[in-house]
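Here's the structure, in structure tokens; my notes come after.
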Amino acid sequence: MAQDLFPGGMVWLVGAGPGDPDLLTRKAERLIARADVVFHDALVGAGVLALCREEAQLVPVGKRSGRHSKSQEEIDRMIVEAALAGLRVVRLKGGDPSIFGRSAEEMTACHDAGVPFAICPGITAASAAAASLGTSLTLRGLARRLTFVTAHARAGEDLELDWAALADPGSSLAVYMGKAAAGAIARGLMGAGLDPATPVAMVENASLPDERVFTTRLDLLELGARTALGDGPALLLIGAPIAGARLAGNRCGDNHAVVASQTQA
Ligand code: SAH
-11 MAQDLFPGGM
-1 VWLVGAGPGD
9 PDLLTRKAER
19 LIARADVVFH
29 DALVGAGVLA
39 LCREEAQLVP
49 VGKRSGRHSK
59 SQEEIDRMIV
69 EAALAGLRVV
79 RLKGGDPSIF
89 GRSAEEMTAC
99 HDAGVPFAIC
109 PGITAASAAA
119 ASLGTSLTLR
129 GLARRLTFVT
139 AHARAGEDLE
149 LDWAALADPG
159 SSLAVYMGKA
169 AAGAIARGLM
179 GAGLDPATPV
189 AMVENASLPD
199 ERVFTTRLDL
209 LELGARTALG
219 DGPALLLIGA
229 PIAGARLAGN
239 RCGDNHAVVA
249 SQTQA
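In terms of the numbering used here, the sequence shown opens at residue -11 and continues consecutively.
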């Protein structure tokens, strides 16, 4: 990487991908290896953080539902202050920074303070989950549209989604932060007319050694979400393409059990 891509005083918003360090981009790896300070989310795993320089300062600013360690304003301020002090700043975010990553606030803070910034994209959780499942997110003729939606409601507020728009049999849905709301999502979609037999999958810790997957149908989603998952981040996929999931061939690495391959031709 040219030296001047990352001068002191600059902020890079870097996508850390879904967890497996091998799913970082080469650029992300190089930026991480040059940073003086790395502000990272709770979801960024040890394997990725291990790529930081030994002298680099690692600052967890993680937000997991209900356990906010830093407010967004504090994070914005910390990033800007570090850059104004002349440091090379990496803001490391799970997946892709531009998807449910609060990157807009951080870019605005940098812009307002005159701090130069740039984004390095990452592999988003939906892509990793589809890979783990061995499925496509789109399907010619059957799922022409892919919708990324978050099911995270503000504390004390109900989930307000446009169910009529989402309950489209010709579309696939990737639901981020949807585990706790799985029952409400299923009811909302079925209430708006989506077939209860629509295939769904949940992938927890996609790309990591402790990944867990289950596939079911929409009307059984709540039960599955309650019983089949642990407390890791989970991505919910809903739609016709999930019916074609082929779990076996996609699993690689010593820690992944190879799921029986009956579904493979
Ligand atoms: N910017 C991130 C999303 C942040 S929102 C991205 O592009 O992936 C956090 C949500 O992402 C989690 O609640 C979960 O729904 C999903 N997620 C992140 N990492 C995941 C993983 N390894 N496996 C499954 N879901 C994941």
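By construction, the Cβ of each residue, glycine as well, lies at the ideal position given by its N, Cα and C atoms.
Note that the structure is predicted; figures quoted are calculated from it, not measured.
Under 7 Å between the Cβ atoms of residue i and residue j?
i: GLY158; j: ALA139; result: no
i: ARG257; j: PHE(-6); result: Since the first residue of the chain shown is -11 and the last is 253, residue 257 is not available in this structure.
i: ASP29; j: GLY82; result: yes
i: LEU209; j: ALA170; result: yes
i: GLY7; j: SER195; result: yes
Return helix, strand or coil for residue i, following the three-state DSSP convention.
i: HIS28; result: strand
i: ALA236; result: The predicted model places ALA236 with a pLDDT of 47, which falls under 50 and marks its position as unreliable; any figure quoted below should be read in that light. Note: ALA236 maps to coil in three-state DSSP.
i: ASP8; result: coil
i: MET190; result: strand
i: THR112; result: coil
i: VAL103; result: coil
i: VAL36; result: helix
i: GLY285; result: Any question about residue 285 goes unanswered here, given that the chain covers just -11 to 253.
i: ILE20; result: helix
i: SER53; result: Caution applies to SER53, whose pLDDT of 48 falls short of 50 and renders its modelled position unreliable; the value that the coordinates give is listed next. Correct three-state label for SER53: coil.
i: LEU(-7); result: helix
i: LYS15; result: helix
Ordered along the chain, which non-local residues of its own chain (more than five positions away) have a Cβ less than 8 Å from that of residue i?
i: ALA21; result: LEU39, CYS40, ARG41
So, under 8 Å CB-CB, residue i and residue j are touching, yes? Tell me the CB distance rounded to an integer number of Å.
i: VAL137; j: LEU154; result: 7 Å
i: ASP198; j: GLY220; result: 7 Å
i: LEU225; j: SER160; result: 7 Å
i: LEU206; j: MET178; result: 6 Å
i: PRO229; j: ALA119; result: The Cβ separation is near 13 Å, so there is no contact.
Residues in the same chain with beta-carbon distance under 7 Å from residue i, minus the five sequence neighbours each way, listed in chain order, please.
i: GLY176; result: LEU149, TRP151
i: GLY74; result: GLY(-4), GLY(-3)
i: THR204; result: VAL188, GLY212
Excluding five sequence neighbours on each side, which residues of the same chain lie with their C-beta closer than 6 Å to the C-beta of residue i?
i: ALA231; result: PRO187
i: ILE63; result: VAL49
i: SER53; result: Low confidence applies to SER53: its pLDDT is 48, below 50, so where it sits in the model is not reliable, and the reading given next is rough at best. Hits under 6 Å: none found.
i: VAL47; result: PHE27
i: LYS58; result: VAL49
i: GLN45; result: VAL25
Stretch-stretch touch, CB-based, cutoff 8 Å, three pairs: the stretch 84 to 98 with the stretch -7 to 4
yes
Tell me, please, whether the stretch 183 to 200 touches the stretch 102 to 110 by the rule of three or more beta-carbon pairs shorter than 8 Å.
no
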